[in-house]
Amino acid sequence: MERRTLWIVLALNIGLAVAFFATGAFGDSSALIANGLDNLSDSFVYAISLFALSRSAKWKRGAANVSGGLLILFAAGILYDAWRRYIGGSDPLGTIMIAMALIAAAINAVCVWLLAKLKNPDVNIRAANTFSYNDFAANLGIVVAGGLVAWLGTNWPDLVVGVIVAEIAAWGGIDILRDAHGEHHKAVHTDK
Numbered sequence: 001m002e003r004r005t006l007w008i009v010l011a012l013n014i015g016l017a018v019a020f021f022a023t024g025a026f027g028d029s030s031a032l033i034a035n036g037l038d039n040l041s042d043s044f045v046y047a048i049s050l051f052a053l054s055r056s057a058k059w060k061r062g063a064a065n066v067s068g069g070l071l072i073l074f075a076a077g078i079l080y081d082a083w084r085r086y087i088g089g090s091d092p093l094g095t096i097m098i099a100m101a102l103i104a105a106a107i108n109a110v111c112v113w114l115l116a117k118l119k120n121p122d123v124n125i126r127a128a129n130t131f132s133y134n135d136f137a138a139n140l141g142i143v144v145a146g147g148l149v150a151w152l153g154t155n156w157p158d159l160v161v162g163v164i165v166a167e168i169a170a171w172g173g174i175d176i177l178r179d180a181h182g183e184h185h186k187a188v189h190t191d192k
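In full-length UniProt numbering, the protein residues as written are 1 to 192.
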């Protein structure tokens, strides 16, 4: 059940990453490209989680550490992109932002639902759940930013949401690293 669920969530996230990159490039949106990078990094993590499923607890903790590290690295990339767009300027399309974010929110809701059905999730499944909740929150931010971009005719809401997505990713990465660290300490104490 875990393996099948992770494969479905992986496929959905790869599809979302491609859609976010395409609409972000077309709509000149930092927030959409940020979510594309987020979904791409999520896809790498789901693939790592699939690999770790049949491995030992030590492998699972290692995979979770990689997941957390990737999220933090992704956050740094998004901050760079937002800074680049702030300096160079951008002209995001609010309606494209809203439409893509609503589609992605529906898909992320499916991912949350699928992952919530799993019994006794290990550290990697909990990490996958963190990703899905983060994505859902980011999509809601993009809807608001898209509305503000369309209404005000300025790019700053798009840039702000790009930075917020980076912060959400960074905190998610830290949370996953803490969870993996906690799992390590539980394993050390049970081995004694």
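Ideal Cβ positions, reconstructed from N, Cα and C, are used throughout, including at glycine. Here the structure is a predicted model, which is why all the values come from computation and not from measurement.
What span of residues does the alpha helix (DSSP H) with Thr95 cover, start to end? Unbroken alpha helix (DSSP H) run through Thr95: 94 to 116.
I need the DSSP call for Gly147, collapsed to helix, strand or coil. In the displayed model, Gly147 falls within a helix according to three-state DSSP.
If distances are taken between C-alpha atoms only, which option among Asn120, Val149, Phe131 comes closest to Leu170? The question names Leu, yet the displayed sequence has Ala at residue 170. Considering only alpha carbons, the answer is Phe131.
Identify which residue in Glu167, Ala145, Val112 has its Cα closest to the Cα of Ile8. Ranking the options by Cα distance to Ile8, first place goes to Val112.
Between Val149 and the rest of its own chain, which residues show a CB-CB distance below 6 Å, the 5 nearest in sequence each way excluded? Cβ contact annotation for Val149 (same chain, cutoff 6 Å, sequence separation greater than five): Pro92, Gly94, Pro157, Asp158, in chain order.
Around the Cβ of Ile96, are there at least 16 other Cβ atoms within 10 angstroms (buried) or fewer (exposed)? Buried is the call here.
In its own chain, which residues sit with a C-beta less than 6 Å from the C-beta of Ala104, not counting the 5 before and 5 after it? Closer than 6 Å at the Cβ level, and outside the excluded window around Ala104, lie Leu16, Asn139.
Roughly how many angstroms separate the alpha carbons of Gly89 and Lys117, rounded to a whole number? Roughly 44 Å between the two C-alpha positions.
Rounded separation between Trp151 and Val144 - CA only: Roughly 11 Å between the two C-alpha positions.
By a C-beta neighbour count over all protein chains shown, 10 Å radius and 16 as the cutoff for buried, is Gly153 buried or exposed? Exposed, because fewer than 16 other Cβ atoms sit within 10 Å of the Cβ of Gly153.
Tyr133 versus Gly147, Gly146, Val160, Gly173, residue with shortest Cα-Cα distance: The shortest Cα separation from Tyr133 among Gly147, Gly146, Val160, Gly173 belongs to Gly173.
Closest by CA to Leu6, which one among Asn39, Ile176, Ser49, Gly77? The residue with the shortest Cα to Cα distance from Leu6 is Ser49.
Is DSSP giving Gly77 helix, strand or coil here? Reduced to three states, the DSSP call for Gly77 is helix.
Backbone secondary structure at Thr23 - three-state DSSP: Helix.
Could you check whether Leu40 and Asn13 sit closer than 9 Å to each other, using their CB atoms as the reference points? Here Asn13 is near Leu40, since their CB atoms are less than 9 Å apart.
So, residue 202 versus Gly36, is the Cβ gap smaller than 9 Å? Absent from the structure is residue 202, since the part of the chain shown begins at 1 and ends at 192.
Relative to the C-alpha of Phe20, which candidate in Met1, Ile107, Leu70 has its C-alpha closest? With distances taken between Cα atoms, Phe20 lies closest to Ile107.
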